[in-house]
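S.K.:
Numbering (my numbering), first residue to last: 25 to 275.
1) Can you give me the C-alpha to C-alpha distance between residue 248 and residue 240, rounded to a whole angstrom?
2) Spatial neighbours of residue 230 within its chain, please: CB distance less than 8 Å, with the 5 preceding and 5 following residues excluded, ordered by chain position.
3) For residue 162, which residues of its own chain have a beta-carbon under 6 Å away from its beta-carbon, when the five flanking residues on both sides are left out?
4) In whole angstroms, give me the CA-to-CA distance for residue 96 and residue 54.
5) Determine the direct distance from the alpha carbon of residue 78 to that of residue 116, and round the result to whole angstroms.
6) Rounded to the nearest angstrom, how far is the Cβ of residue 168 from that of residue 180, given a contact under 8 Å?
7) Residue 196 and residue 123 look like a contact to me (Cβ under 8 Å); what is the Cβ gap, rounded to whole Å?
8) Report yes or no: is there a C-beta of chain B within less than 8 Å of the C-beta of residue 175?
9) Pull up the distance between the alpha-carbon of residue 100 and that of residue 85, whole angstroms please.
10) Enumerate in chain order the residues of its own chain whose CB-to-CB distance from residue 61 is below 7 Å, with the five nearest sequence positions on each side excluded.
11) Can you check DSSP and say which residues form a bridge with residue 86?
12) Quick one: give me the first and last residue of the beta strand (DSSP E) that residue 47 is part of.
13) Restricting to runs no shorter than 4 residues, where is the alpha helix (DSSP H) found entirely within the segment 223 to 256?
So, in C-alpha cells, the structure goes:
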C-alpha cells in the first residue's frame, strides 16, 4: 500500500512532491450529490495507473475532475501536475499544460475527416505528435485519413480519439473505457499502442471495466468504492488477491 505524501507544508509541498501527478483530498459533486469524497493518490512519470471500481464508484468523475471539466464540480482539495497547480485551472488551461482526456463517447467531430479531426487539435500550441508520426502509430488512420471520422468502426474511432489527444503535447493521458464495445483483437491493438505511448514517457490513467486486461497492462492500481479509495498499490497485488477482486471488482 502506498503512503500518502506529507502535505503539511500546504502548496509548498509541490516543490518536493515525489509524484508527477498528485491528487490530494479531492472532493467532487454533481448538484448536491458528492461523487468523489476526499481522495488522494499519486501517479509517477511514465506510469500506467488503472483506476478501477464498480459502476458508480466515481472513476469517470475523477478523470473529469483532473481534466478540469465543468462537471463534476471540485469543491475541495488540490491537483498538481509536474509542480503546477491544476485545481485553479479551466479545462482548456489544463489541456495547455499537458492533460489529454479521451472520453468514453470519444467525441469525434461530425462532418470532419480523420485528418481534419487531428488538424483541429493542432490549431493552437502546444502541438504534439506530427500527422506522419500519428499515422505511423495508427496505420489504419493513415489509410482512412480522408474518411469522415464518425463513419469509422468503433475500434478505429478509439484510435482516432487517442491520436487526437497525442496531437497535443500532452504529459498525462486520461482514458475512459477505451476497450468498451471492442473485439478482443482490437483491444490487443489498443494495448500495444498504449505500451508504445508509455515508452515515450507519457503517463496514463486508465479507467476500464475490463479490469483484468487493465491490470495486466498497468503498473499500479487504485480501486474506488462509493467515491472513496479502498486500495492503492501495485497492479500485481490486485491480480494475485482473489478476495480483493471479488469484493470490489466482482471478478
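Beta carbons: idealized from backbone N, C-alpha and C, even for Gly.
No experiment lies behind these values; they were computed from the predicted model shown.
M.R.: This is what the structure holds:
1) Approximately 18 Å between the Cα atoms of the pair.
2) These residues qualify, in order along the chain: 72, 73, 74, 75, 199, 202, 218, 238, 241 and 242.
3) 183 and 187
4) Rounded to whole angstroms, residue 96 to residue 54 spans 5 Å at the Cα level.
5) 30 Å
6) 7 Å
7) 5 Å
8) Checking the listed chains, one finds no chain B in this structure; it contains a single protein chain.
9) 14 Å
10) 51, 251 and 252
11) Answer is none; residue 86 lacks a bridge partner.
12) 45 to 54
13) 235 to 241
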